[in-house]
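Below: one structure, written as structure tokens.
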């Protein structure tokens with residue numbers, strides 16, 4: 001039961017994050033509720049995959065993004081807006097921000113190291129965080145773009 | 161005969177200019193290059209012309225041929241400063257279908273195009289609050305506690321306010337990002353400095369994440385998948401520039417408050 005509440009909580013916070021981050025790119029007001037629901041679905045998928053099934057961050061993010069991509073297509077048709085205008089903002093709560101932050105942190109440590117072992121340790125952390133961050137972002141975008149690529153005819157006619 | 165030639169030339173010119181403005185506006189608003197290509201091709205075909213275009217980092221080059229490929233007109237257009245606007249992308253995509261389905265001519269299309277550009281953006285105060293809440297939620301998703309969320313909310317509101325106001329004073333966008341992210345990070349450091357909350361590091365890490373250029377990164381990968389490599393590199397480098405600036409702001413804040421990570 002506790003896990004169920006944790007999943008719902010994850011979805012709610014992802015939805016709030018998606019609404020806020022999408023407002024920066026000035027979408028049509030009709031986009032907000034759908035974007036929030038889709039972001040919540042994607043984030044909850046990733047949460048379940050990572051915390052219950054033990055998936056890695058990049059794989060979990062890619063599958064979460066795939067859910068976002070597939071849900072964005074009918075939603076885009078419903079409100080006659082390009083699918084990317086819904087799916088890209090819905091993807092933003094999944095951005096691996098802590099890894100990006102730790103990359104900068106490791107870089108600063110690297111630059112401030114006076115001994116080779118310390119430098120090498122932080123260089124390892126720098127590479128690990130940088131690679132995780134980059135691979136996760138690419139996996140997310142590929143995941144969200146796959147449905148658009150698979151249903152090209154449909155996705156480019158949603159604004160008709 | 162000569163008059164007819166001039167009329168045809170002028171017609172091609174007007175269509176080229178419309179398509180140029182249409183393309184640059186879509187690009188600056190954050191449309192993917194494949195969508196621009198589809199929209200442009202659709203309009204050109206409905207006007208019995210053929211359009212080819214290349215997107216360079218700061219401008220576009222567009223060539224428009226008449227149906228029999230006897231006359232062509234080339235125009236270049238400067239891409240406006242990055243101002244992502246998905247409402248414009250949506251409306252312009254809709255306009256491209258409207259031109260096809262209702263057979264609109266250049267004058268009618270230009271009228272609708274101008275009306276779309278006149279549309280106001282969302283209320284900046286509303287956006288400010290929404291972004292604050294979004295970043296606070298982000299903090300929770302990364303494991304931040306309630307105090308950290310509150311710190312992040314305040315830090316984001318302050319930094320984003322600076323980001324909204326400074327460009328109007330003519331300050332370069334990179335300087336704006338450095339200053340705004342530095343301000344957010346300095347405020348978020350309060351968790352470390354005063355010992356507030358159990359997760360000050362999460363608060364500090366998430367305080368500048370509203371600057372992460374998610375849309376340019378997504379567009380860059382999308383362009384990569386469709387083989388628009390120059391657009392991909394251009395958008396990717398723009399996103400990297402923003403990331404470097406926000407990192408710089410963060411580092412300055414660390415330096416100012418002498419934050420040590422142990």
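Residue numbers (the numbering used here), protein chains in the order written: chain A, 1 to 160; chain B, 161 to 422.
Every residue, glycine too, gets a C-beta built ideally from N, C-alpha and C.
Since the structure is predicted, the reported quantities are computational estimates derived from the model, not experimental observations.
(message) Within 7 Å of any Cβ in chain A, is that where the Cβ of residue 273 of chain B sits?
(response) Locating residue 273 of chain B in the second chain gives position 113, where the first residue counts as 1. Not one chain A Cβ lies under 7 Å of residue 273 of chain B.
(message) Quick check: the Cα distance between residue 314 of chain B and residue 320 of chain B, rounded to an integer number of angstroms?
(response) In the second chain, the residue the question calls residue 314 of chain B occupies position 154. In the second chain, the residue the question calls residue 320 of chain B occupies position 160. Each residue's Cα considered, the two are about 10 Å apart.
(request) Quick one: measure Cβ to Cβ for residue 322 of chain B and residue 340 of chain B, integer angstroms, because I've assumed they're closer than 8 Å. (result) What you label residue 322 of chain B is simply residue 162 of the second chain in a count that begins at 1. What you label residue 340 of chain B is simply residue 180 of the second chain in a count that begins at 1. Indeed, because the Cβ distance is near 4 Å, the residues count as touching under 8 Å.
(message) Between B:168, B:260, B:396 and B:200, which has its C-alpha nearest residue 134 of chain A's C-alpha?
(response) Translated into positions along the first chain, residue 134 of chain A becomes position 134. Among B:168, B:260, B:396 and B:200, the Cα nearest to that of residue 134 of chain A belongs to B:396.
(message) Counting beta carbon pairs with one atom in the segment 401-412 of chain B and one in the segment 210-220 of chain B, are three or more of them shorter than 8 Å?
(response) no
(request) Express the C-alpha separation of residue 308 of chain B and residue 113 of chain A in angstroms, rounding to a whole number. (result) The sequence position of residue 113 of chain A within the first chain is 113, counting from 1. The sequence position of residue 308 of chain B within the second chain is 148, counting from 1. When rounded, the distance between both Cα atoms is 30 Å.
(request) Rank A:104, A:51, A:83 and A:53 by C-alpha distance to the C-alpha of residue 66 of chain A and give the top, closest one. (result) By one-based count along the first chain, residue 66 of chain A stands at place 66. The candidate whose alpha carbon is nearest that of residue 66 of chain A is A:83.
(message) Helix, strand or coil for residue 250 of chain B? Go by DSSP, reduced to three states.
(response) One-based indexing of the second chain puts residue 250 of chain B at position 90. Here residue 250 of chain B sits in helix by DSSP.
(message) Between the alpha carbons of residue 5 of chain A and residue 325 of chain B, how many angstroms are there, rounded?
(response) Working through the first chain from its first residue, we reach residue 5 of chain A at position 5. Working through the second chain from its first residue, we reach residue 325 of chain B at position 165. Rounded to the nearest angstrom, the two C-alpha atoms are 40 Å apart.
(message) Is the separation between the beta-carbon of residue 179 of chain B and that of residue 222 of chain B shorter than 7 Å?
(response) For the purposes of this step, residue 179 of chain B is taken as the residue at position 19 of the second chain. For the purposes of this step, residue 222 of chain B is taken as the residue at position 62 of the second chain. It is a contact, given that the beta carbons lie within the stated cut-off.
(message) Cβ closer than 7 Å: which chain A residues qualify as neighbours of residue 294 of chain B?
(response) Mapped onto the second chain, residue 294 of chain B falls at position 134. Per Cβ cutoff of 7 Å: 16, 17, 19, 20 and 21.
(message) Which residues does DSSP list as the beta-bridge partners of residue 211 of chain B?
(response) Position 51 of the second chain, counted from the start, is the residue given in the question as residue 211 of chain B. DSSP, once it has assigned bridges, lists B:224 as partnering residue 211 of chain B.
(request) Could you name the residues of chain A that residue 365 of chain B contacts, counting a contact when the two beta carbons are closer than 7 Å? (result) Counting from 1 along the second chain, the entry for residue 365 of chain B is found at position 205. Neighbours of residue 365 of chain B on chain A, chain order: 97, 98 and 101.
(request) Run down chain B in chain order and give the residues with a C-beta less than 7 Å from the C-beta of residue 80 of chain A. (result) Counting from one through the first chain, the residue named residue 80 of chain A turns up at place 80. Correct list: 254.
(request) Would you mind giving the Cβ-Cβ distance between residue 374 of chain B and residue 95 of chain A, rounded to the nearest angstrom? I have them listed as a contact below 8 Å. (result) Within the second chain, numbered from 1, the residue matching residue 374 of chain B stands at position 214. Within the first chain, numbered from 1, the residue matching residue 95 of chain A stands at position 95. 6 Å between Cβ atoms; contact.
(request) With hydrogens ignored, establish whether the beta-carbon of residue 69 of chain A is closer than 6 Å to any heavy atom of the ligand ADP. (result) Although the ligand ADP was asked about, the structure shown includes no ligands whatsoever.
(request) Report the option in B:184, B:260 and B:251 whose CA atom is closest to the CA atom of residue 30 of chain A. (result) In the first chain, counting from the first residue as 1, residue 30 of chain A sits at position 30. Selected option, being the one with the closest Cα: B:251.
(message) Check whether the segment 121-133 of chain A and the segment 40-48 of chain A are in contact - that is, three or more C-beta pairs closer than 8 Å.
(response) no
(request) Express the C-alpha separation of residue 158 of chain A and residue 22 of chain A in angstroms, rounding to a whole number. (result) The residue labelled residue 22 of chain A in the question sits at position 22 within the first chain. The residue labelled residue 158 of chain A in the question sits at position 158 within the first chain. Approximately 20 Å, taken between the alpha carbons.
(message) Assuming contact is defined by CB atoms lying nearer than 7 Å, are residue 235 of chain B and residue 176 of chain B in contact in what I supplied?
(response) Within the second chain, residue 235 of chain B is the residue found at index 75, counting from 1. Within the second chain, residue 176 of chain B is the residue found at index 16, counting from 1. Closer than 7 Å, so yes.
(message) Assuming contact is defined by CB atoms lying nearer than 7 Å, are residue 230 of chain B and residue 208 of chain B in contact in what I supplied?
(response) The residue you call residue 230 of chain B lines up with position 70 of the second chain. The residue you call residue 208 of chain B lines up with position 48 of the second chain. No, Cβ-Cβ distance for residue 230 of chain B and residue 208 of chain B is not below 7 Å.
(message) Please classify residue 422 of chain B as buried or exposed, where buried requires at least 16 neighbouring CB atoms within 10 angstroms.
(response) Counting from one through the second chain, the residue named residue 422 of chain B turns up at place 262. Confidence is the limiting factor: at residue 422 of chain B the pLDDT is only 47, short of 50, which leaves the residue's position unreliable, though a coordinate-based value still follows. So residue 422 of chain B ends up on the exposed side.
(message) Can you list, in chain order, the residues of its chain with a C-beta nearer than 6 Å to that of residue 17 of chain A? Leave out the 5 residues immediately preceding and following it.
(response) Taking the first chain and counting its residues from 1, one reaches residue 17 of chain A at position 17. Cβ neighbours of residue 17 of chain A beyond the five flanking positions: 93.
(request) Just grab the DSSP bridge partners of residue 233 of chain B for me. (result) Within the second chain, numbered from 1, the residue matching residue 233 of chain B stands at position 73. Looking at the DSSP assignment, residue 233 of chain B forms a beta bridge with B:224.
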